Structure formats: structure tokens, C-alpha cells
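Asker: If you want the working numbering, it's the position in the sequence shown, counting the first as 1, plus 3.
First the structure, which I've put down as C-alpha cells, then a few questions once you've had a look.
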Amino acid sequence: MLSAIFCGCFSGPNEATTNEVKPTDHDDIPVTYALVRSWGLSFENLMKYRIGQKHFADFLKGEFSDENILFWQACEELKREKNTEKIEEKARIIYEDFISILSPKEVSLDSRVREMVNTNMGQPSSATFDSAQSQIYTLMQRDSYPRYIASEIYRSALDSFGITEEAVNI
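Printed below as a string of C-alpha cells:
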């Protein structure tokens with residue numbers, strides 16, 4: 004089962020800030036107990052690894068709420084784009100897929116942030132969705148992440164290494 008979850012599409016850590024976690028595609032690191040355990044210590048640890056994001060997305064899919072991480076990942080991809088025409092195209096796709104009220108994968112944004120995005124779409128850039136991405140990151144961190152670390156999917160990932168942690172009296 005873990006071979007399906009830990010498919011080798013993981014990457015290494017970075018020095019990014021909380022809302023700007025930018026995993027890299029080329030850092031091959033082994034999926035270890037320490038790595039998976041670190042995901043339970045902070046949301047930042049989970050989000051700075053592509054394999055952590057995939058594992059979290061699988062959890063969210065089971066809760067029928069994977070639109071948030073899909074939106075966050077699409078915004079990260081947009082930020083990496085350098086071609087202006089492609090930025091505009093990707094921004095429109097992100098808008099249609101996640102911001103439009105007609106989208107089945109619409110993310111929940113407050114009216115102030117939604118208006119900022121609508122204004123930014125007049126001249127799309129790689130920063131068009133920054134405020135929305137930040138709001139969704141915070142939502143995932145506060146709402147979904149605590150459920151994830153208490154979930155069976157996370158427990159199973161930890162247990163798959165056969166390591167049992169025992170309480171230590173100090």
C-alpha cells in the first residue's frame with residue numbers, strides 16, 4: 004500500500020516561508036519514518052515535500068475537499084511560469100477551475116480576497132492569486148491539517164515503518 008502512496012515523486016525541503024513552500028522536483032530523498040513523522044509536527048513540513056502534498060491530497064480527496072490543495076499547487080505552478088502568455092492562460096484556467104462560482108471545485112474565499120482576484124484578472128500575472136493562495140493555505144493549516152494528523156491514512160503511513168513510539172517518563 005505504501006508503494007502506491009510513496010511513489011517516488013517526492014522532493015526535498017527548502018527555506019521558504021509559511022505561505023511560500025516551494026518543493027523542488029529533482030531532490031531525491033528517501034521516504035523515512037523521520038520524514039513522515041515530521042509531517043505530523045508541522046503543516047510546513049508536510050507541504051514542503053511533493054510526496055507529503057500527495058499524501059495530504061489523498062486524505063483530502065477522501066473527505067471530498069481536495070480542491071484546496073489542488074488550487075494551492077496550481078498557484079505554485081503559476082509562480083514558476085516565466086512565459087507571459089502561458090501565465091495569462093494558466094491564470095484563466097485556475098480562475099475557471101477554482102475561483103468561478105460555476106466551478107464544481109470552487110474554493111471558499113472571503114469577499115475581499117475574491118474581489119482582489121477579480122481585479123487582478125484584468126492583467127493576470129504570476130501573483131494574481133497570492134492573497135487567495137495565502138487564505139487557502141491558512142484554511143488547510145487550521146482546518147484540514149489537524150484532521151489529517153489524527154487520520155487513519157497518516158497513522159497507517161507511520162505504522163508502515165514498523166516503529167513503535169513509547170511514552171518516556173522524565
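We put the CB at the ideal spot given by N, CA and C, even for glycine.
Please read these numbers as outputs of a predicted model, since none were measured by experiment.
With H, G and I counted as helix, E and B as strand and the rest as coil, what does DSSP make of Glu84?
Answerer: The answer is coil: DSSP assigns Glu84 none of H, G, I, E or B.
Asker: Give me the Cα-Cα distance between Val24 and Gln144, rounded to the nearest whole angstrom.
Answerer: Only weak support is given to the placement of Val24: the predicted model assigns it a pLDDT of 42, under 50, and the value that follows is read from those uncertain coordinates. Rounded to whole angstroms, Val24 to Gln144 spans 13 Å at the Cα level.
Asker: Determine the direct distance from the alpha carbon of Phe132 to that of Arg40, and round the result to whole angstroms.
Answerer: If I take the Cα positions, the gap works out to 31 Å.
Asker: How far does the alpha helix (DSSP H) with Gln126 in it extend, from its first residue to its last?
Answerer: Premise fails: Gln126 is in no alpha helix (DSSP H) and is neither H nor E.
Asker: Helix, strand or coil, according to DSSP, for Ala153 in the structure here?
Answerer: Note: Ala153 maps to coil in three-state DSSP.
Asker: I believe Phe74 touches Phe101 by the beta-carbon criterion, under 8 Å. Please report the beta-carbon distance rounded to the nearest angstrom.
Answerer: Between Phe101 and Phe74 the Cβ distance is about 4 Å, and since that is below 8 Å, they are a contact.
Asker: Please name the residue, chosen from Ser163, Met50, Tyr157, Glu155, that lies closest to Ile139 on a Cα-to-Cα basis.
Answerer: Out of Ser163, Met50, Tyr157, Glu155, Met50 has the C-alpha closest to the C-alpha of Ile139.
Asker: For Thr35, which of helix, strand or coil comes out of DSSP?
Answerer: Coil at Thr35, not helix or strand.
Asker: To the nearest angstrom, how far is it from the Cα of Glu99 to the Cα of Lys108?
Answerer: Cα to Cα, the separation comes out at about 9 Å.
Asker: Rounded C-beta distance between Leu105 and Ala94? I'm assuming under 8 Å.
Answerer: 17 Å between Cβ atoms; not a contact.
Asker: Could you check if Ser111 is buried or exposed, using at least 16 other CB atoms within 10 Å of its CB as the buried criterion?
Answerer: Under this definition Ser111 is an exposed residue.
Asker: Between Arg158 and Cys78, what straight-line distance do the alpha-carbon atoms span, to the nearest angstrom?
Answerer: C-alpha separation (whole angstroms): 29 Å.
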